[in-house]
Every structure is written in C-alpha cells, then in structure tokens.
Amino acid sequence: MESEQSQNFNERLSQWVASQGFWFQVRYSMSGSGMKGRALFHLLRLGFRLLVFLLLVAIGMWVYLLKRPNSPRFNQVLQTSLQSALEAPELELRGLQHANGQLEIGRVAAQGGEGTFFESFEARNIRFKMGLLDGLVGRWQTGTVAVARMEIDLRAGTDDAQSAAKLAEAVFKTPEMVEANSFDVADVTVRWGYSERTQGSIESSSLIMQRTDTGWRFNFKGGFFRQNWLRHLEIVNLVVLAEADGLVFERAEFKKGDGTVEFPGLRLTGGERPQVNGIVKIRHLDVEGLVPPALRNFVEGSISGDFKVFGSTNSSDGIGFEGQVVMDGKDVVSLRDRFHLLKALSVVDYSRNYHRVAFREGSFYLQTVGGGMRLSEIDLKAEELLTMQGEIKVRQPTQEEVDEVVAKGAGLQSSPLFLGEEEQADTRELPGGDDDFTLRRAAQEAKRVEEGAQSLESMALFDRLGLSLEMRRLQSQASERMSRMLRYEGDVLITLPGDAFERAPRLTELFPPDAVSGRIPLRVPINGHLYELTLSQAEDIYQQGKR
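Below, the structure is given as structure tokens:
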C-alpha cells in the first residue's frame, strides 16, 4: 500500500517538475548534489546569458558589415584611401554601392600633381570583389577590377631626377592593405604629351592590365593610336611592359586600310626626360595618315619603309621619325593638279595632262621632328611624264607669318587657277550636332574663366575634367586648321618630255630640252604656305604659253 502511494507521489511530482520550465528542471536535477550542484547551475545560467549576448553582438556586427559599404563614412574613408594611394591632390568619388559580394563605384576622378604619374584621371562603373571583412582584417583581395570606361592623361616627364624617381615609385609600389593585380577596362583612352608636337593618344581601346614580378603589362586591342604624323592607326595588338627603367613594346601591330605599322622592340626609357628609341616598320601605309591635314587633297598614295624613332615626350621637339622611302612598284605617291604648276602644265601641254602625277619609281628620305617634316634626297619618276629631284621642308609658321596670312586673307580664292569643286573640301567646319554644341559650350566656359566671370576652383572636379577634354578637342581642330598655314621651303628640279611645249614657242625658247637627256628641265622654287606654292611660276608659264 505504501509502495503504491509512493509511486503515485513520484509520478505526480515528476509531472509537476516537467511543467515548471527548463531552468527549474535543471536546478531540481542538481539539487541533489548540494553546493556543487548549485554552483554548476549558476555557471550554466551565466554561460547561457553570455552566449545570448555574443549572439546579439554577432547579429549586430553582421548588420553593420552589410550596411558599412553603403554608409557615408565608408565612402569618405575609401575616397581618402584612394587619394592617398594615388598621391593625388584632389579626388572625387560618386555612386558607391555594395551588392552580391561586389563593390561598385559609379564614377571616380582625380587631379594629378607632382607626385602622380597622371595629369588627370577619370573612370566609370568600377566593379571588384569585397567580402564583409575586407578593409578591416587582412589584405583586401579585389580579384580582377572591371572598369567600363577610363580616361587618363599621363605626365610627359618631370623636372629633375628626384621627381622622376618619385614618379616611378608611385607607379610600381605595392599597396600594403589591398591586392589588386589585374584590371579589365572595356573602353580606355590614354593621352600623353604637353604640346602639339609631343601629344599622342590611344583612344577607345580595350585594356587588360596585369601586375608582373617587375612592373605591369598592358595589353591593348581595338581602338586607335596617334603620335605626331601617324594618325588614326587601328590597334590590332599592342602589348607594353612597364618597368622601373621604362617601357618596352613587346608587340605593337597597327593597320590602316591595306597598310600596316609595327614597332618591334620599341623602348621608352624612364627619367625626367623620357627618351624613345626603336624602329617603326611601315608597309603600304596611306599617306593621308602621314601628311598635314591640309595637304591631304594635294597628295595621295602609300609608302613603305623602316623608320628610326627618336626624341622625348618631355621636349620641345617631341617624337621624331626618319628613314628612307623606296618606291618599288607596290606603292605609289601621286601629286594632284591642285598644285598650280601642274594645272598650268596641263594647259600648255596639248599632248598630256598632269591632273594626277603618279610616282612609282625612285626614293626619298623622310624626317619628321619638331612639328615639321623634311623630304630630302628626292629622286622620283612618274614614268615618262615627269621626274623630280631636290628637297622640301615643312615647318611651323612664325607669329609674323601667321599675322601676314591673316592680314592678306590668303586662301582658296588667291588664284584664278585654283578653281573646281574639290577645293570645297578644305572649307570643313567644326562638327555639327551635339559635338558642335559641346565644343561651343566648352569655348564659352573657357572664355568665362579667362575673363574672371568664373574660376576653375569653383567648378566641380568632374566638370573641370570635362572642360579640359573639350578644350583639347578644340585645340586639335584648331591644329588642323593651322595646318593650312604651315610653311613650305625648298628647291626641286623637274623634267618634262622634250615636246611638252611644242605648241608654245615662247616656252620652248625659255626652257629648251637638255642636249643629253632630251627632256625639259624646270627648276621649281618652293616657298610659302600651301595655297600659294608654285603660283607665281604657274601664272608665268600660263601667260607665256598663250602667246
């Protein structure tokens, strides 16, 4: 009887204990252990509370880490870090956001200074990896940094060796907290040179940039390359290795139409005055990309040759090319009758026309430096129609010569011989549409700055860089217009068939055929701007031929 009552009591007690909750059950189970049990129970409760606290802290930290990249403070810290890493006097960053383990920067711009390798820099839609702890613990491994668009103006050089060493350090130093060894840029434009004579560019190209053990390797594909007289060359493959002692062009392949250009092993040594040394191999390249813009309607054809490259991007003369051009039958250089003398010869020679004189044989030595061009050792032959020997130099005009041309109003209407529809090609205006509006706006903004109505400091950095780009485009177009004022100097000897003046007795008396060759020698002085070349001599021949 007592056993049954005891059993019933224990069952009811167990049911009651079970209904009291977790902590009462634990305490009840340890009550039989005396002081030791109560101590263990107390420690257990403390441990549980600590666990709950740590869990709450972890949740709070997780929420903080998720929101950190989108906070104004992180934006400011990242901007300051980038500015310090680039050693840029000024930097702006916009459009920062974090999603799916990727940090995206909408736009970043920086203004260069004495310690930077660039004059200005702008990039858009930058994307790279970012974990929750990146930037807080360990090195931040960004993976491949993807950039949708980048524009950068490189410094041409420095004032002294110390500054050059500092510049090299800025380019090749390895960040301590960030590991970014690869960049993929979908659309990049790189410019260099501080003056018209030294300026060059790579435009609208794709770029893969990778860090090497000794520097960086740049791989450009697509887009266009320009340097001095070499213009609008399509980039096939351009691989440049940048190291502390300079740049090496591992591969440099370009094309334009059927022509090709290569820079095998071209080297640019570093320092305060970077020097370029190497060979440029040109094959069947259209002369349109080599001659001054205003001369393109006067000369046409293609040339080939191996040219030595020399000079510096940080000198007044800039980069130069020189080499022998040999006409081997695969290339041809043609002079059109927009030269006054050729038009006059077509009038007085009843048996032939000189509308297009095509030289397929001979050679000449070509040199471009200091914004000018020199053709020496000219010895060309256009079958039996015309031969040419001598030297021609093209140079920049002095300010006095520019003023003289402007005062005279010299141009296409300077001669009655200079008629025809083709002349209208030289009256090209600035591009229309949106580009025209943008350029006009840039010119207006520049004028306001010059007049003091607005200061550059009051403009946002993005606006200043945009204005600088448009002003560069204005300068480029002004340079093309100024090519009409280039000065041409020299002296050439041409020979014509012996019967060229058979219906012009007066000309036959003035220019008798050579007794040995049987051809008519005619010395042609070259002096003046493009539109007046041979004008006086052409008018004289034209008048003498009518008598």
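Here my numbering runs 47 ahead of the position in the sequence shown, where the first position is 1. Beta carbons: idealized from backbone N, C-alpha and C, even for Gly.
Flag this pair as yes or no: are the beta carbons of residue i and residue j separated by less than 8 Å?
i	j	result
residue 196	residue 172	yes
residue 122	residue 145	no
residue 367	residue 416	yes
residue 441	residue 533	yes
residue 129	residue 143	no
residue 345	residue 411	no
residue 267	residue 254	yes
residue 541	residue 420	no
residue 189	residue 226	yes
residue 245	residue 203	yes
residue 335	residue 302	no
residue 406	residue 422	no
residue 418	residue 549	no
residue 376	residue 365	no
residue 373	residue 437	no
residue 273	residue 248	yes
residue 213	residue 293	no
residue 547	residue 396	yes
residue 379	residue 348	yes
Out of the options, which one is the CA nearest neighbour of residue i?
i	options	result
residue 194	202, 179, 160, 231	231
residue 363	349, 251, 275	275
residue 191	302, 100, 257, 343	257
residue 553	593, 576, 243, 152	593
residue 544	429, 518, 508, 379	429
residue 306	279, 199, 179	279
residue 169	236, 149, 202, 583	236
residue 153	270, 354, 141	141
residue 201	164, 183, 178	164
residue 573	269, 452, 583, 535	535
residue 310	333, 322, 284, 334	284
residue 180	149, 373, 162	149
residue 588	508, 392, 336, 400	392
residue 360	321, 336, 383, 556	321
residue 317	511, 289, 104	289
residue 269	250, 262, 260, 263	250
residue 313	221, 447, 325, 516	325
residue 453	576, 133, 103, 384	576
residue 432	337, 566, 516, 300	566
residue 296	399, 323, 259	323
residue 578	520, 218, 530	530
Should residue i be labelled buried (16 or more other beta-carbon atoms within 10 Å of its own) or exposed?
i	result
residue 291	exposed
residue 590	exposed
residue 445	exposed
residue 175	buried
residue 100	exposed
residue 106	exposed
residue 43	Only positions 48 to 594 of the chain appear in the structure, and residue 43 is not among them; the question remains open.
residue 167	buried
residue 581	buried
residue 390	buried
residue 561	exposed
residue 382	buried
residue 502	A caution first: residue 502 carries a pLDDT of 48, below 50, which makes its placement in the model too unreliable to give a value.
residue 159	buried
residue 135	buried
residue 185	exposed
residue 183	exposed
residue 517	buried
residue 563	exposed
residue 287	buried
residue 233	exposed
residue 98	exposed
residue 384	buried
Could you pull the start and end residues of the alpha helix (DSSP H) that residue i belongs to?
i	result
residue 347	Segment 346-358 is the beta strand (DSSP E) holding residue 347; no alpha helix (DSSP H) there.
residue 121	119-133
residue 589	582-593
residue 221	Element bounds for residue 221: n/a, residue is neither H nor E.
Using a Cβ-Cβ distance cut-off of 8 Å, determine whether residue i contacts chain B.
i	result
residue 311	In the displayed structure, chain B is absent; only one protein chain is listed.
If you follow the beta strand (DSSP E) that residue i is in, where does it begin and where does it stop?
i	result
residue 576	567-576
residue 393	Segment 387-395 is the alpha helix (DSSP H) holding residue 393; no beta strand (DSSP E) there.
residue 264	262-268
residue 438	433-442
residue 445	Taken as a continuous stretch (DSSP letters only), residue 445 belongs to no beta strand (DSSP E), as it is neither H nor E.
residue 555	Per DSSP, residue 555 belongs to no beta strand (DSSP E); it is in the alpha helix (DSSP H), 552-557.
residue 412	403-416
residue 423	419-429
residue 374	366-383
Cβ-heavy atom distance between residue i and the ligand PLP below 7 Å?
i	result
residue 125	With respect to the ligand PLP, the structure offers nothing, as it holds no ligand at all.
In chain order, which beta strand (DSSP E) runs of at least 3 residues are fully inside the region 239-299? 247-258, 262-268, 271-274, 277-290
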